[in-house]
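Input: a single structure, listed below in structure tokens.
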Amino acid sequence: MDRNLRKVPVPVADDFIKSIRLLAQFGKKMFVQHLFQPLVEAAWKRNPANESARKMMDRILTAQKDPAAVHTVGPLCKRLISQALNESLSAAGDASIFFLEKMMQIHQVALAKEAIDFVLILDKPLGSFQDHYREQSAELFGQALQAMAPGDFKKAFEPVDLGRTNLKVEMEQEAAILFNKIQVAHRNEDMPKCRKLIAHYMVRNADQEVNSMPKVRELVAAFEKSHSGFKDELMDSIAIGLHYQIVSGITQGDIKSAIRSIRKYAHIFQGNPQVKYHMEVDRLESRLYDIISEKGLWNELKKDG
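Taken in order, the sequence shown gives residues 15 to 319; the numbers are from my numbering.
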């Protein structure tokens with residue numbers, strides 16, 4: 015990462031959030047090594063405050079709503095993390111994610127010295143952790159695929175049965191509700207919320223042709239015209255979210271979920287090598303298809319595809 019960084023990019027904050035969530039799944043030792051200790055060594059841990067981390071979060075949420083106080087959010091978040099480091103590993107993780115979310119939501123926070131310092135401190139430790147879980151996930155994925163029965167592959171590849179009227183109506187209703195939320199966020203000019211909702215919508219409906227999808231694509235095009243870079247940030251958000259679902263599924267032993275997320279990633283990005291985590295997901299997808307070929311399952315899967 016550029017040491018002369020002037021603003022924390024949205025995809026960087028988003029990626030760090032997902033990495034910290036994964037870090038929590040890998041155990042206490044890894045969490046201390048890649049998050050807690052780097053912050054302590056950077057002198058972000060100070061004497062305990064009289065106020066708890068939870069109360070500090072409430073105060074920050076109040077400050078961010080006041081235009082005259084929003085500039086204090088960055089410094090307050092540094093104090094929050096300092097206090098959280100005194101409380102527990104869980105508090106340190108929650109406070110870190112809270113700060114990163116503020117960077118994504120509030121332009122002034124992304125520009126704050128404290129925000130830039132924070133991501134520069136964690137850049138190498140979290141990058142090292144990503145290298146670790148990338149190799150471990152690929153190995154675990156291959157082992158799990160070899161152990162899967164043919165029926166498990168069929169379940170992972172079977173499409174949602176929209177032939178059942180009730181299910182189709184339910185999915186369309188959920189899509190309509192989410193689309194309405196996107197429209198409200200658009201009217202309020204809340205771009206971070208728009209991005210989050212659209213990313214959720216597109217991932218959820220990636221392999222389904224729901225009625226609102228063309229309208230969502232039109233909204234994305236409109237947002238890009240009025241907010242340059244919106245589409246790139248959206249695509250990064252989707253890629254980061256799906257990659258997190260894939261690795262989390264593998265780590266927790268939910269291989270069917272990981273396979274579905276790999277297929278959604280492939281469906282949305284169509285092999286674009288410029289997309290974030292393309293190489294990692296492509297490697298896992300290739301391993302998946304190699305094992306399907308080894309097991310001679312393609313004909314069986316195509317019957318249900």
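Glycine is no exception: its CB is placed at the ideal position from the N, C-alpha and C atoms.
Query	Result
How many angstroms separate the CA atom of Q47 from the CA atom of E55?	11 Å
How long is the line joining the alpha carbons of V338 and L311, rounded to whole angstroms?	In the structure displayed, the chain extends from 15 to 319; residue 338 sits before or after that span and is not available.
Tell me the rounded alpha-carbon separation between E115 and E314.	44 Å
Give the secondary structure of I273 by DSSP, where H, G and I count as helix, E and B as strand, and everything else as coil.	helix
Quick one: residues in its chain with C-beta nearer than 7 Å to the C-beta of I305, no 5 flanking neighbours on either side, listed in chain order?	L159, Q160
Once you ignore the five residues that flank V84 on each side, which residues in its own chain have a CB closer than 6 Å to its CB?	Q78, Q122
Beta carbon of F113, beta carbon of I95: below 8 Å?	yes
So V403 and A253 are supposed to be a Cβ contact under 8 Å. How far apart are they, rounded?	Nothing in the structure corresponds to residue 403, since the chain is present only between 15 and 319.
Let me confirm a value: I191 is counted as buried when at least 16 other C-beta atoms fall within 10 Å, else exposed. Which label applies?	exposed
Under 8 Å, do I264 and L140 count as touching if we go by C-beta distance?	no
Please go through the same chain and pick out, in chain order, the residues whose beta-carbon is closer than 7 Å to the beta-carbon of L256, but skip the five residues on each side of it.	V217, S275, K278, Y279
So, helix, strand or coil for Q284, using DSSP?	coil
Quick check: the Cα distance between M205 and K195, rounded to an integer number of angstroms?	12 Å
By the DSSP assignment, the alpha helix (DSSP H) with G263 in it spans what residues?	244–265
Pop quiz: S271 and Q259 are said to be a contact at Cβ under 8 Å. What is the actual Cβ separation, rounded to whole angstroms?	7 Å
Compare the beta carbon distance of A152 and L298 with 8 Å and say whether it is the shorter of the two.	yes
Let me make sure I understand the geometry here. Which of L90, H146, K316 has the alpha-carbon closest to that of E294?	H146
If you draw a straight line from the alpha carbon of E308 to that of G107, how long is it in whole angstroms?	42 Å
Please confirm whether Q211 and A220 have their CB atoms less than 8 Å apart.	Sequence check: residue 211 is Leu here, not Gln. No.
Using the Cα positions of E203 and F171, report the straight-line distance between them to the nearest angstrom.	39 Å
Report, in whole angstroms, the separation of the C-beta atoms of I34 and I120, which I expect to be a contact under 8 Å.	Wrong, their Cβ atoms sit about 19 Å apart, outside the cutoff.
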